[in-house]
């Protein structure tokens, strides 16, 4: 098995999930590469050293340019805040490295387009960590749709509900809170949460043609941790939109950090002519499935416990009845990337796939601003 | 449509459910009889008058013997406490009346046997109000079993959990509390709650061969409302038993009034070779169904919302998606009784059916007392 | 108790639910009136006679004008298709009758305004059968909100999902299918289903300020049962909208008859600063409640089984743990109407309350047509 | 951090879960030891080499005596079939090694007693992998009980339902199927599944005083993979018992591999005077909690999503809302063992704790055989 030297940028929440994926993937999956935790790069040297000790990184760096330039590194994995994605990814691609990037790809489609151009010009394997595609239940949903079980789709419904920013005392910006800082994050829940919903939706149900959105910032001013000042909040706290897909189905999408009682409730539902599917992240190991072909008086939503060996990815884990958790989705994604990379390919969602999501989030924000329906820049056009 | 004059004994909780069934049955079911609320009989004249006014009974009586003797009365319905069942039922049968009796039939099998002898000798239509058989979801379960969908049955599980007697301040005996008085009720939860579980179980899964039981009285002394004295509590507060059915399946049964958080949680589950069924009274309009014949990766418990016109009884009610409630089970039972009576027959469970349940509860109490396995007196023997 | 002679127009689904409410209300509620089922009026004389026999109506009529004109009639209850509501209601009010009307009040706000003018000029008691307000769980939600438990509200979410018109073979128009006929119904799911969601929403969360909507007719042509011809379908099969309430909260609303697997899934959720509430019609006897004031590690959505005597309306029914069903909501509404009428008052929602809902549905349809945000005509203006 | 050299015996299902625990524990927990995957020992050399490559074991062995004797090894972890536990554990303890043993400790209490004597004589740190104690939701249940929130306990209910042996074509014995071989496993579901239920139960609710049990072998003969012959099946396929705890509460316990529709449904429920708790393994990241101290009309079972930082173990994982899975319980147990070992102590459940479970399972099997109530050998006596 070939070694693949990984240089990761960022030691936050996503630095941990990615590191875990690299550490675990060979324990459970037969893939052509063995990732080696070569370098962790982050601004705070002391904390980076601690992170390296915990995960076994061989070296520590504070300047990402050195990671990108290092001949030892095969793969650059970007797990740092959104405002760093584009610059690092472009440089890494130009240096001929494989590139993985945490979502969203760019803070907007313009950044994402530059990133797509870079990896496609360089011809390097790339992938964006929209990890929820690799939930076994969601992957099973994809299989069912691809097999034509739903028939014509009428409705799509997705929401991502959190409640962690309701307190007016929560500061914005700085360590651990950059998601509330518009300049770093690019947007609020639109890029953070809706982007997940949109990525899954287009993968399952095709392109989104047009949107009508509304956004709100419920708490208008918060103390900024970097300046120490109370400053206007720039991000959207909540973002809701109606959509029409290319296939004619209608949709509601909603994301918020003000839904008391929900921590990370990402739910999706698809209603087709013959069958319907529902899934939620709070019980990610279940798929709800309704099949109209069932005998009439015995039709009902099936609560499928996705733990059997014939469920996607599950033969690699334990025995039927025993559930997996959140971080496994990253391990699955690492496994798929390494398998693809073994054949010189990228894994989905590629940078180009993720660009499409940025175009929808751009349209959502524009629609909310303009109070009008907004057409989404098409998937098929030569974008960049 | 022929009129059927009803004389009901008892204006308590069950007096209300039965009266409602008689009042409603013709609104929703085409049956050969129209029940007429002729006479309400109860000890307290003033309260009986109030009950009569509310439900439209034409006359009020305080002596059940007059009801039984009245030539106006076609049907005697016994909704009074358990210690009155046998005497009234025997007299009513001897007077040639149709007889309906609230469960349990007798306080013990000896009483029940006398009642069976009386109705069978007189040849009068009879029925015991084990109403849960007429929950549409439970009736559907019966249909599925009769169609052979479960295959060989391995396990049966039933429990009936309440929590209304946990407080030590609750008195025993007297109006509204006779269920805590051994002399009136005959037993505690064994006859009150387990009897329901046993009736349904034998109907769905056949005879019970043997039992090993344990009972407990958690609060040993309570004030008695009739005497005003603190007296030892005679009833069983909780009653649990293991059982082997005639078909070889194993079972656990449990009833208690000390299960904090449950008001009337009657649940049953049957595990067969090919399929399993689960139902609970707290959401009585749903049946949980698992079919092993479903495609492997899509197997899951189906939550069937029992509101469609092809579900038992449901075409008589509203439209799909709209649930019915508790009292409808009595209306269904009245409809089935009246249909059967139109053909000169009894409706299940007949007195004889209910005798079998009394034999099981007798065996349960004996087993708990003797701390030994107890064989249940067989279904097929000439009992009385 | 005073008799109240009821003349009902219509013997369809709603004719049954209203008749049942009048037949049952005195069995369970102490109210100052006893409704008498005086007259059933419908176009088909034979069917009307059958309906009268089943429910005990004393007389049958085929011309609603005679009912309105009859000095015997105290209350006119309109349970006929939407296109008849305005004319009957106005005439009944002018004749000095109490008037109850099935929802929606008018096919549009213009009709509804005329109806409001009529009942207010005549000073007659009036009410619209938006029955879901009287689900005990929903009434409890109202109490919690009125007590200030939610604090500032951020989000409201409602949907009403059905699947009964997915088949392209289903005809439109005529007996039992008038809800698919634009000229009779006024709109599709907007007036039929969304109107329920909107009525409850404004009752719970205040006025709706503005909406952005999308509608769709998935099956463009259907055979019309009255003409025998295949004709364009005029109604909306699905209707979705975003809304901003007067209190600043954001909302998604959706109704459809193309959501496979759902029969009558009306759900609502409210997220407040301190607490959240969720309810769905498929299990109408439960309220989901999340209280942020609970101790941190024990916070969770409570599944409250609404069957206790301290829950709204429930002391009138059975004992804790035993659920009620759909039709009880109409009985509750009848009880509230009769109580109010006893004091010479109307019961909510009055015609004026229901007019506000028609204004929102008008705005929804206009927004969908114009592809623009639409301001809702305000609640406080002198409307008519 | 000190290195702790691990020699593991067995590469089956439990070999994987233990290896994963050792590989992961330092990534998420600060413990005084770093486990080093030193040696994997198993009978099949080729497969052992494959296992070593996958998990990074430094050496491979086929004779467990060499592992026990090796001066390099600090900790012997027994993950091999039940019939090997006692001999290995005793030898390892005598060699002064720390010892971890997969459950059940012995095939019976006699074996377990020898093992307790060995570790206690040698004074070595020891632990048995009853991993379900370390489910965060179960640990939270323990905290609530210890805080006195339940008050007097009335009822305990546990079951462990599987369905993987229903087919008569399934062979018994040999690789992957030793759990069906009486001589290797010691018993069927009693030692395999009930043992888990009993361990948790005594930890949460104290000692079990007496039991009445029934067992069944549904498929009487199966082909044995080692002999190639059809042979009588010696194990119990299902095992049910009633119990009385030392604290006076009553219980039902049940385990089976014939419950169609359930893969690994371990559920437990405790009903106390003031509160109740329910948990199930199929959704292990949730705890159902009912608190009678809640305001009356808002009482309901809370579905607590155990993903917050104030939930046991969860601050070591991700962010609120994101669930963990099955294998995490082993990582928690490894962390607790290593913490305890750092202080020269054992972690619960120790060998002595696990001996108590073997005594209950012995009593269950004896009760089923003798058809009588069986007293459990007490916890406090000098056992060995």
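Chains as they are written, first to last, in the numbering used here: chain A, 47 to 430; chain B, 47 to 430; chain C, 47 to 430; chain D, 47 to 430.
Think of the CB as a built atom: it goes at the ideal place given N, C-alpha and C, for glycine as much as any other residue.
- Contact note: residue 304 of chain B reaches chain D through 200, 201, 317, using a C-beta cutoff of 7 Å and chain order.
- Residue 234 of chain C counts as buried, since no fewer than 16 other beta carbons sit within 10 angstroms of its beta carbon.
- Burial state of residue 53 of chain A is buried, judged by a 10 Å Cβ sphere holding 16 or more other Cβ atoms.
- At least one CB of chain B lies nearer than 8 Å to the CB of residue 72 of chain C.
- A direct Cα-to-Cα measurement between residue 131 of chain B and residue 143 of chain B gives close to 15 Å.
- Residue contact check for residue 328 of chain A against chain D: a CB pair falls below 8 Å.
- Neighbours of residue 67 of chain D in chain A, taken as residues whose beta carbon is under 7 Å from its own, are absent, since the nearest beta carbon is some 12 Å off.
- Contact of residue 356 of chain B with chain A by beta-carbon distance below 9 Å involves 342, 343.
- At a cut-off of 8 Å, the C-beta of residue 350 of chain C has a neighbouring C-beta in chain D.
- DSSP, reduced to helix, strand and coil, places residue 57 of chain D outside both helices and strands of the structure shown, so it counts as coil.
- The Cβ-Cβ distance between residue 422 of chain C and residue 255 of chain C falls below 8 Å.
- DSSP places residue 284 of chain B inside the beta strand (DSSP E), whose first and last residues are 284 to 291.
- Against residue 366 of chain B, the close residues of chain C are 210, 309, 310, in the order they occur along the chain (beta-carbon pairs closer than 8 Å).
- Residue contact with chain C for residue 284 of chain A: present (Cβ-Cβ distance below 8 Å to some residue of chain C).
- Taking a Cβ-Cβ threshold of 8 Å, none of the residues of chain B is close to residue 196 of chain A; the smallest such distance is about 13 Å.
- For a Cβ distance threshold of 9 Å, residue set 260, 262 of chain D lies close to residue 290 of chain B, ordered along the chain.
- The DSSP-derived three-state label of residue 397 of chain D is helix.
- Only 186, 189, 190 from the region 174 to 190 of chain C bring a Cβ to less than 9 Å from some Cβ of chain D.
- Inter-residue distance for residue 292 of chain A and residue 145 of chain C is about 48 Å (C-alpha atoms, whole angstroms).
- Residue 379 of chain D sits in a helix when the DSSP states are folded into three classes.
- Counting C-beta pairs with one atom in each stretch, the region 80 to 96 of chain D and the region 111 to 118 of chain D have three or more that are closer than 8 Å, which means they touch.
- By the Cβ criterion, the region 369 to 382 of chain A is in contact with the region 61 to 70 of chain A, since at least three pairs of Cβ atoms, one from each stretch, lie closer than 8 Å.
- For residue 347 of chain D, the closest Cβ of chain B is nearer than 8 Å.
- Closest by C-alpha distance to residue 363 of chain B, out of C:372, C:364, C:290, C:368, is C:372.
- In summary, residue 91 of chain B is exposed, with fewer than 16 beta-carbon neighbours lying within 10 Å of its beta-carbon over all protein chains present.
- Spanning the alpha carbons of residue 106 of chain B and residue 302 of chain C requires a straight line of approximately 53 Å.
- The three-state reading of DSSP puts residue 151 of chain C in coil, since its state is none of H, G, I, E or B.
- Residues of chain D with a Cβ closer than 8 Å to the Cβ of residue 335 of chain C are, in chain order, 344, 346.
- The residues 375, 378, 379, in chain order, have a CB closer than 6 Å to that of residue 180 of chain A in the same chain once the five nearest residues on each side in sequence are set aside.
- In the DSSP assignment, residue 257 of chain B falls within the unbroken beta strand (DSSP E) covering 254 to 262.
- Leaving aside the five residues that flank residue 327 of chain B on each side, the residues in its chain whose CB is nearer than 6 Å to its CB run, in chain order, 310, 312.
- Our two residues, residue 112 of chain D and residue 394 of chain D, have alpha carbons roughly 28 Å apart in a direct line.
- The three-state secondary structure of residue 81 of chain B, taken from DSSP, is strand.
- When C-beta atoms of the region 260 to 269 of chain A are compared with those of the region 262 to 273 of chain C, fewer than three pairs fall below 8 Å, so the two segments do not count as touching.
- With the criterion set as a beta carbon lying under 7 Å from some beta carbon of chain B, the region 382 to 414 of chain D has no members that meet it.
- The beta carbon of residue 367 of chain A lies closer than 6 Å to those of 353 in the same chain, with the five residues before and after it left out.
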